[in-house]
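Chemist:
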Amino acid sequence: MFKRRQRVGYLVLAVVLGHVILISAQVNVRQEVNLLQVVSFSALAGIEEIISFGTNAVGKAWFRYVSLRDAEEENAVLRESIDQLEVQLQQQNALARRARSLQRLLELRNSAELLTLSARVIAVDATPWFRTFTVDRGTGDGVRQDLAVIAPNGVVGRVVGTPGPRAAKVQLLIDRNAAAGALIERTRAAGVVTGVDGQSLLRMDYVSNLEDVQIGDAVVTSGTDGIYPKGFVIGTVEGVRRGDDLYKSILVAPVVEFGNLEDVLIVLNDERFVQAEGNE
Amino acid sequence: MKVVMLVATVVLSVTVQTTSARIFNLTFSNIDLPLVVVVLTSLSGGPIVGLWVGTLAGFLQDVMSGGLVGVSGLAKSLVGVTLGVLATRLMCTGRWYRLLLIVPATIMNVVLFIGVYRLIPFAAPAVDGVNVLQQAVLNVAAGFVVIGVSEQVPALWSRLRGRRVVLAIQRWRTN
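Residue numbers (numbering that gives the first Met the number 0), protein chains in the order written: chain Z, 0 to 279; chain B, 0 to 174.
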């Protein structure tokens, strides 16, 4: 009995020690446990992909064939919305033409068009404490660490960890450990946007108390972090107050609805972008 | 066979944890399904089973999350051992006892998880008491379902096997 208890004690000690060494290795060297992690991540991501495919197929079958009752009504609403969007598109085209001509006038070089890769979100973080997604693109598609991930309406996050051959982990901008260089679009006041714990909001730090920031101001990426392309929308200012120290306290509501994300775009040509930004 | 079943259960719990939130369009899931599996297997299998199941569940969770690998493993293995030791000293076989023990296990897991992060230079997630309590309640609900399924599966399986044997005999007779 005593021996058995002793054996359990030694085993627990060994496992705890193993974990401590594993954690210390990552903290000190700032490197990941590559092989074991990549193999386990890839294997589990494969299972997740199959489950995600299955649930998507069931969902699609439901929406395509079963719930067609409201389709006509929805069709009318959508047509109306298309009409409105076409008007908006024309306005946007006019603005874009004007911007292009201004750009030529100012002799600004057109930034290289971003090369993106579409990816499907297949799973969310396995713990409730971090905000990451798993997408179905990996090293086989040219994905690697620190590539920016965007959605049509704004910035989503970046690729973290070593991606597997067919899957990669994306850290959302609302994660506590995430950050992006940002600008207030109206005044060009620069700062850093970070995630706020347990909330779907972002915080913008290091914006001087002297800067003019108002509720509703658009916040865009500054491109200075070397990860996110310049000028992509992050969100809008939801709250702003004068800070106790040198900087304002700013809350930003992200434009991307992270809960509804199904497909995202991974920016593949970030080096060209960074180089282009550096030359400007 | 038992080891394979345990590994499969842990892998299933982690994949259900990560994929179920997508179905409901959530950014994250506040249920810790792998922890529920660790609690239930530790109570029925003892400290060594609890230790290994906790280690595996935690490791897989860490691999599939944005944190450091080993933190969940450490927390869950200690939870597994503690509950395994408890199970050898107390009679915890009743369904309600097992469900009730999920609450302190959830709290212990969160305290250990956050505690480790506080010791290292990595931004530790902030603990919200309400959030932890909500997680404990959701874990108990998940535990209720897991216990129900684990009790029904063997009976269903034997019934299916019995039916298969009867069908085979009938087919043999008609031939």
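We treat Cβ as the ideally placed atom computed from N, Cα and C, and that holds for glycine.
Does the stretch 176-185 of chain Z come close enough to the stretch 200-218 of chain Z that 3 or more CB-CB pairs lie under 8 Å?
Modeler: The stretch 200-218 of chain Z vs the stretch 176-185 of chain Z: in contact.
Chemist: By the criterion of Cβ-Cβ separation under 8 Å, what are the contact partners of L182(Z) in chain B?
Modeler: Residue mapping note: residue 182(Z) aligns to position 183 of the first sequence, counting from 1. Neighbours of L182(Z) on chain B: none; closest Cβ ~24 Å, over 8 Å.
Chemist: The ligand ATP heavy atoms versus the CB of I168(B): any closer than 7 Å?
Modeler: In the structure shown, the ligand ATP is absent, as is every other ligand, since no ligand is present at all.
Chemist: Flag P46(B) as yes if its beta-carbon sits less than 8 Å from any beta-carbon of chain Z, otherwise no.
Modeler: Here residue 46(B) is taken as the residue at index 47 of the second sequence, counted from 1. So, interface residue.
Chemist: By Cβ distance, which residues of its chain are closer than 8 Å to L260(Z), with the 5 residues on each side in sequence left out?
Modeler: Residue 260(Z) sits at position 261 when you count from the first residue of the first sequence. Taken in chain order, the residues that qualify are V120, F132, A150 and V155.
Chemist: Compute the distance between the beta-carbons of L177(Z) and R136(Z), then report whether it is under 8 Å.
Modeler: For the purposes of this step, residue 177(Z) is identified with residue 178 of the first sequence, where counting begins at 1. For the purposes of this step, residue 136(Z) is identified with residue 137 of the first sequence, where counting begins at 1. Contrary to the premise, residue 177(Z) reads as Ala rather than Leu in this sequence. For A177(Z) and R136(Z), no; Cβs fall outside 8 Å.
Chemist: Whether or not the stretch 198-213 of chain Z and the stretch 231-238 of chain Z are in contact is what I'm after, with contact meaning three or more pairs of Cβ atoms, one per stretch, closer than 8 Å; do they touch?
Modeler: Result yes; three or more Cβ-Cβ pairs closer than 8 Å.
Chemist: Pick helix, strand or coil for L171(Z), following the three-state DSSP scheme.
Modeler: Here residue 171(Z) corresponds to residue number 172 of the first sequence, with the count starting at 1. The answer is strand: DSSP assigns L171(Z) an E or B state.
Chemist: Closest to K26(Z) by CA distance: which of G69(B), G57(B) and M90(B) is it?
Modeler: The residue you call residue 26(Z) lines up with position 27 of the first sequence. At residue 26(Z) the sequence reads Val, which differs from the Lys that was named. Minimum Cα distance to V26(Z) is reached at G69(B).
Chemist: With 16 other CB atoms within 10 Å as the buried threshold, where does V37(B) fall?
Modeler: The residue you call residue 37(B) lines up with position 38 of the second sequence. Per the 10 Å Cβ criterion, buried.
Chemist: Hey, is R108(Z)'s beta-carbon within less than 8 Å of any beta-carbon in chain B?
Modeler: Residue numbering aside, residue 108(Z) sits at position 109 when the first sequence is read from its first letter. Low confidence applies here, because R108(Z) scores a pLDDT of 43, under 50, leaving its location unreliable; read the following figure in that light. With 8 Å as the cut-off, R108(Z) does not count as an interface residue toward chain B.
Chemist: For the stretch 125-152 of chain Z, which residues have a CB atom closer than 8 Å to at least one CB atom of chain B, in sequence order?
Modeler: Within the stretch 125-152 of chain Z, the residues whose Cβ lies closer than 8 Å to some Cβ of chain B are A125, T126, P127, W128, F129, R130, T131 and T133, listed in chain order.
Chemist: Alpha carbon to alpha carbon, how far is A188(Z) from V10(B)? Give it in angstroms, no decimals.
Modeler: Your numbering for residue 10(B) matches position 11 in the second sequence. Your numbering for residue 188(Z) matches position 189 in the first sequence. Cα-Cα distance, rounded: 47 Å.
Chemist: Could you round the C-beta distance between L50(B) and V11(Z) to whole angstroms and report it? I think they count as a contact, below 8 Å.
Modeler: Here residue 50(B) is taken as the residue at index 51 of the second sequence, counted from 1. Here residue 11(Z) is taken as the residue at index 12 of the first sequence, counted from 1. Their Cβ separation, rounded to whole angstroms, is 6 Å, which keeps L50(B) and V11(Z) in contact under 8 Å.
Chemist: When the Cα atoms are used, what is the spatial distance from Q36(Z) to V62(B)?
Modeler: Working through the first sequence from its first residue, we reach residue 36(Z) at position 37. Working through the second sequence from its first residue, we reach residue 62(B) at position 63. Using only the alpha carbons, I get a separation of about 6 Å.
Chemist: Could you spell out the range, first to last residue, of the beta strand (DSSP E) harbouring V236(Z)?
Modeler: One-based indexing of the first sequence puts residue 236(Z) at position 237. First-last of the beta strand (DSSP E) with V236(Z): V232 to R240.
Chemist: Distance, Cα to Cα, K229(Z) vs G153(Z)?
Modeler: Numbered from 1 along the first sequence, position 230 holds the residue referred to as residue 229(Z). Numbered from 1 along the first sequence, position 154 holds the residue referred to as residue 153(Z). The alpha-carbon atoms of K229(Z) and G153(Z) are separated by roughly 11 Å.
Chemist: Buried or exposed: where does G8(Z) fall if 16 or more other Cβ atoms within 10 Å of its Cβ makes it buried?
Modeler: Residue mapping note: residue 8(Z) aligns to position 9 of the first sequence, counting from 1. G8(Z) should be labelled exposed.
Chemist: Which one or two residues does DSSP pair with M203(Z) in a beta bridge?
Modeler: Looking up residue 203(Z) in the first sequence gives position 204. Bridge partners of M203(Z): V192(Z) and I249(Z).
Chemist: State the DSSP-derived secondary structure class of D61(B), mapped to helix, strand or coil.
Modeler: Along the second sequence, read from residue 1 onward, the residue named residue 61(B) stands at position 62. Helix at D61(B).
Chemist: Name the chain B residues whose beta carbon is nearer than 8 Å to that of T54(Z)?
Modeler: Taking the first residue of the first sequence as 1, we reach residue 54(Z) at position 55. Those are T18, R21 and I22, listed as they occur along chain B.
Chemist: For L42(B) and G83(B), what's the separation of their Cα atoms in angstroms?
Modeler: The residue you call residue 42(B) lines up with position 43 of the second sequence. The residue you call residue 83(B) lines up with position 84 of the second sequence. Near 5 Å, if we compare the C-alpha coordinates of G83(B) and L42(B).
Chemist: Quick one: which residues of the stretch 83-98 of chain Z get their C-beta closer than 8 Å to a C-beta of chain B? List them in chain order.
Modeler: Listed in sequence order: no entries.
Chemist: Taking the DSSP output, what are the residues bridged to S117(Z)?
Modeler: For the purposes of this step, residue 117(Z) is taken as residue 118 along the first sequence, with counting starting at 1. Answer by DSSP bridge pairing, in chain order: L264(Z).
Chemist: Just to confirm before moving on: does the CB-CB distance between A252(Z) and S64(B) stay below 8 Å?
Modeler: Mapped onto the first sequence, residue 252(Z) falls at position 253. Mapped onto the second sequence, residue 64(B) falls at position 65. Against a cut-off of 8 Å, the Cβ pair of S64(B) and A252(Z) comes out as no contact.
Chemist: How would you list, in chain order, the residues of chain Z whose beta-carbon sits under 7 Å from the beta-carbon of L50(B)?
Modeler: Locating residue 50(B) in the second sequence gives position 51, counting from the first residue. Those within 7 Å of L50(B) in chain Z are L10, V11 and V14.
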